[in-house]
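Numbering (the working numbering), first residue to last: 6 to 159.
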């Protein structure tokens with residue numbers, strides 16, 4: 006459960022413990038109680054919605070961010086993405102600016118595709134867990150008809 010459902014950090018101002026996706030954990034535990042093999046790769050109630058992923062996959066700034074974020078550091082963790090500004094409000098016009106990563110990053114945090122880095126929340130974002138990473142990678146692969154290119158799946 007730690008590898009697939011943990012990793013969300015919602016505090017931008019300070020370091021705190023990461024949290025689990027509660028709905029996904031409860032569904033996982035219910036499967037265990039019922040003796041059914043739990044779905045960990047793509048659970049039904051994961052945080053990143055399918056509709057958002059389809060729209061996200063059309064954004065060049067978002068794709069560039071995730072190409073880096075899907076890489077691993079020397080400890081096997083997802084690579085952090087540095088940020089200097091975070092928007093609490095944004096418009097569709099903000100999202101259409103191909104050079105501005107700030108709006109897309111802020112929206113992706115809202116939808117659960119990125120989270121504040123637990124050790125550097127004021128300066129870095131990261132992919133929270135493998136479920137989010139796989140759903141994002143699959144959306145991009147599907148959008149560009151690269152579904153057979155599994156090198157991007159984690």
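Glycine included, each C-beta is placed from N, C-alpha and C at the ideal position.
Less than 8 Å between C-beta atoms, sequence neighbours within five positions excluded: which residues of the same chain meet that for residue 88? 106, 107, 110, 128, 129, 130
Best match in 85, 100, 86 for proximity to residue 92 [C-alpha to C-alpha]: Closest in alpha carbon position to residue 92, among 85, 100, 86, is 100.
Cut-off 6 Å between Cβ atoms - residues of its own chain near residue 25, not counting five sequence neighbours on either side: 10, 11
Could you check the C-alpha separation between residue 137 and residue 19 for me, to the nearest Å? 23 Å
Taking residue 134 as the reference, which of 43, 67, 118 has the closest Cα? In this structure, 118 is the residue among 43, 67, 118 with its C-alpha nearest to the C-alpha of residue 134.
I'd like to confirm the pairing. Which residues does DSSP put opposite residue 21 in its beta bridges? Answer by DSSP bridge pairing: none, since residue 21 is not bridged.
Reducing DSSP to helix, strand and coil, say where residue 122 ends up. coil
Using a Cβ-Cβ distance cut-off of 8 Å, determine whether residue 112 contacts chain C. In the displayed structure, chain C is absent; only one protein chain is listed.
Can you tell me which residues form a DSSP beta bridge with residue 13? 24
Close Cβ partners of residue 23 (< 8 Å) along its chain, the five nearest in sequence each way excluded: Close CB contacts of residue 23 within its chain, under the 8 Å cut and outside five residues either way in sequence, are with 11, 12, 13, 14, 120, 123, 133 (chain order).
With burial defined as no fewer than 16 other Cβ atoms inside 10 Å of the residue's Cβ, what is the status of residue 61: buried or exposed? buried
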